[in-house]
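Residue numbers for the sequence shown follow the numbering used here, so the first one is 1025 and each next one is one higher.
Written below as structure tokens is the structure these notes are about.
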Amino acid sequence: MKKYNLIRIGILGLAFFGMNHAALASKKITAEKILEKVHQKVKSIQTLEADFEETFHWVMIDEKQTFSGKLYIGEGDKFRLQTAGQVIVSDGKTLWTYDAGKKQVLIDAVDQSGNDLLPRRLLLKFQKDYRAKLIKEDTIDKRLCYVLELVSESEDVFIPKMTVWIDKQTWLTKKLRYEDVNQNITIYQLGKIKINRKIAENIFRYKIPPDVQVIDMRE
């Protein structure tokens, strides 16, 4: 579950960080050109906050769940993902995961939590470990988008393939879809992205509520 949560956060980070650079506007745009700019863009972003809607389709029982949330990303490994049922927070050193249903908080050290799955680092991992291809154009919310497909170089991964819809005018991601190794499908709709605005430091620290179970996994 901890690894799934980090993958989820990382994927959102990939969506928000990637593909928002107007210098890419070109009739001959390619996936390779997009990826060249992604790394530069990550370096230029100090902070980010955005809304998202997540839909998860559990294929085995044909059940869908949809919920909304908020993501904040700060410098280094600072981030906060918040939904009605869960809060995941990192101050760059400590990782807190709060499950409202279980009334439980897990505490871990960032450097012990699968750090290659954190938002900024996962983006670089996808650049290195996945082949990218520009497959078509599509329209979402009356916005024309490029559709980029990322396919893993390895078969032994949790996410073999991902599809990203990129607004041709703003270069912001409008939608992201991936199918995991169990054939379950996750879709994110993204909006209200704010870049390089000041975010209060207490956003990246978690105040543990009273009357919850605390499990400290740090060595």
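Glycine included, each C-beta is placed from N, C-alpha and C at the ideal position.
Selection from the options that minimises the alpha carbon distance to residue i
i       : options                            : result
LEU1174 : LYS1157, ASP1132, THR1107, ASP1075 : LYS1157
ILE1211 : ASP1153, THR1079, MET1084, ASP1180 : THR1079
ALA1055 : TYR1154, ILE1219, GLN1213, ASN1220 : TYR1154
ASP1235 : LYS1088, GLN1070, GLN1128          : GLN1128
ILE1053 : THR1197, LYS1160, LYS1231          : LYS1160
ILE1085 : PRO1233, TYR1230, GLN1207, ILE1217 : GLN1207
LYS1199 : LYS1067, GLN1070, ILE1069, GLU1077 : GLU1077
GLU1225 : VAL1171, PHE1103, ILE1069, LYS1057 : PHE1103
PRO1233 : LYS1057, ILE1069, LYS1126, LYS1117 : LYS1126
ASP1135 : ILE1112, TYR1170, ASP1101          : ASP1101
VAL1181 : LYS1088, GLU1087, LYS1216, GLU1203 : GLU1203
GLN1070 : LYS1216, ARG1221, LYS1231          : ARG1221
CB contact flag (residue i, residue j, <8 Å)
i       : j       : result
ILE1239 : LEU1130 : yes
LYS1185 : SER1176 : yes
LEU1214 : ALA1124 : no
ILE1183 : TYR1096 : no
PHE1228 : GLY1098 : yes
ILE1219 : LEU1105 : no
Burial state of residue i (16 or more Cβ within 10 Å)
i       : result
ALA1108 : exposed
THR1163 : exposed
LYS1166 : exposed
THR1121 : buried
TRP1189 : buried
ASN1044 : Residue confidence is low: ASN1044 scores 40 on pLDDT, short of 50, so the model does not pin down where it sits. No coordinate-derived value is stated.
SER993  : The displayed coordinates of the chain run from 1025 to 1243. Any statement about residue 993 would go beyond what the structure contains.
ASP1191 : buried
ASP1115 : buried
Same chain, Cβ closer than 6 Å to residue i, neighbours up to 5 away in sequence not counted
i       : result
ALA1133 : ARG1242
THR1187 : GLU1173, ARG1201
THR1090 : THR1079
SER1050 : Here the model assigns SER1050 a pLDDT of 43, short of 50, so the residue's position is not dependable, and the following value carries that caveat. Once the five neighbours on either side are set aside, SER1050 has no close Cβ partner at all.
LYS1117 : VAL1134
GLN1237 : GLN1128
Close Cβ partners of residue i (< 8 Å) along its chain, the five nearest in sequence each way excluded
i       : result
GLN1193 : ARG1167, LEU1168
LYS1088 : THR1079, PHE1080, HIS1081, TRP1082
Nonlocal neighbours in the same chain, by C-beta distance under 7 Å from residue i, ignoring five residues either side
i       : result
TRP1082 : ASN1208
LYS1216 : ALA1074, ASP1075
GLN1110 : TYR1122, ASP1123, ALA1124
**Report entry** Any beta strand (DSSP E) of 3 or more consecutive residues that is wholly inside the stretch 1066–1111
**Finding:** Every beta strand (DSSP E) of 3 residues or more that sits fully in the stretch 1066–1111 is shown, in chain order, as 1072–1082, 1087–1097, 1102–1107.
**Report entry** Ranges of the beta strand (DSSP E) found wholly within the stretch 1150–1195, counting only runs of at least 3
**Finding:** 1154–1164, 1167–1176, 1185–1191
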